[in-house]
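Under this note's numbering, the residues of the sequence shown are numbered 1 to 139, in order.
Here a beta-carbon is modelled for each residue, glycine too, at the ideal position from N, C-alpha and C.
Encoded as structure tokens, the structure appears first; notes follow it.
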Amino acid sequence: EEDERKSAATEAERVKKAQEAREARIPPVTITGISLPVAPPVPTPSVAGALAGGAQFIIVGTGFTNQRDQSISVTFDGVEAYSSSVLSPSEIEVVTPAAAADKASLDSVDIVVTKNLRLPNGTMKEHSSANLPDGLTYL
1 EEDERKSAAT EAERVKKAQE AREARIPPVT ITGISLPVAP PVPTPSVAGA
51 LAGGAQFIIV GTGFTNQRDQ SISVTFDGVE AYSSSVLSPS EIEVVTPAAA
101 ADKASLDSVD IVVTKNLRLP NGTMKEHSSA NLPDGLTYL
């Protein structure tokens, strides 16, 4: 029985170290700017969009992925993007959400991209996030 406990503890430690090594190999997300939906994107520090939402933009950065075990989410001042789609490791296409009720025309909000990892037990864990301060100004 004691040997089984030691074996289980050793296995748990091995799994933990393997997960930590996996996480260390995955690049974090970064944001270098935001662009109108043109090809190639021309990143700028900020863009303007309607309070009602629905504006389409390209977020430019690094570390973006659409792998099953690495989800990407985009928020505008904490409000989830209406839609987001990883186009490449350096581009995410987003459609802005409607502004939060406390926002008015000319208010600026931060844009945050978060990468989450699916752990072996099926739960999700935040791996990294990047912030573009005042990345969207409402019109």
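*What number of angstroms, rounded off, separates the C-alpha of Glu91 from the C-alpha of Ala12?*
In the sequence shown, residue 91 corresponds to position 91, counting from 1. In the sequence shown, residue 12 corresponds to position 12, counting from 1. Roughly 37 Å between the two C-alpha positions.
*So, Gly61 versus Thr32, is the Cβ gap smaller than 8 Å?*
Here the question's residue 61 lines up with position 61 in the sequence shown. Here the question's residue 32 lines up with position 32 in the sequence shown. Yes; because the gap between Cβ atoms is below 8 Å, this pair is in contact.
_Proximal residues to Ser46 (C-beta, below 8 Å), its chain only, five neighbours per side dropped_ = Translated into the one-based positions of the sequence shown, residue 46 becomes position 46. Same-chain partners within the cutoff: Ile34, Ser108, Leu132, Asp134, Gly135, Leu136 and Thr137.
*What residue does the beta strand (DSSP E) around Glu91 start on, and which one ends it?*
Walking along the sequence shown from the start, residue 91 turns up at place 91. Looking at the DSSP string, the run of the beta strand (DSSP E) that includes Glu91 is Glu91 to Val95.
_Cross-strand partners of Phe76 (DSSP beta bridge)_ = In the sequence shown, residue 76 corresponds to position 76, counting from 1. Partner(s): Val79 and Ile111.
*Identify the continuous alpha helix (DSSP H) that holds Thr10 and give its terminal residues.*
The count along the sequence shown starts at 1 and reaches residue 10 at position 10. Run containing Thr10: Glu2 to Arg25, per the alpha helix (DSSP H) assignment.
_As assigned by DSSP and simplified to three states, the class of Ala52_ = Numbered from its first residue, the sequence shown carries residue 52 at position 52. Here Ala52 sits in coil by DSSP.
*Would you call the region 81 to 99 and the region 2 to 19 in contact, with 3 or more CB pairs under 8 Å?*
no
*May I have the straight-line CA-CA distance separating Ala39 from Phe57, to the nearest angstrom?*
Numbered from 1 along the sequence shown, position 39 holds the residue referred to as residue 39. Numbered from 1 along the sequence shown, position 57 holds the residue referred to as residue 57. Approximately 11 Å, taken between the alpha carbons.
*Please list, in chain order, all residues of the same chain as Ser73 whose beta carbon is under 6 Å from its beta carbon, the five residues on each side excluded.*
Counting from one through the sequence shown, the residue named residue 73 turns up at place 73. Correct list, in chain order: Thr114.
_In DSSP terms, what Ala130 is bridged to_ = Translated into the one-based positions of the sequence shown, residue 130 becomes position 130. Beta-bridge pairing links Ala130 to Val113.
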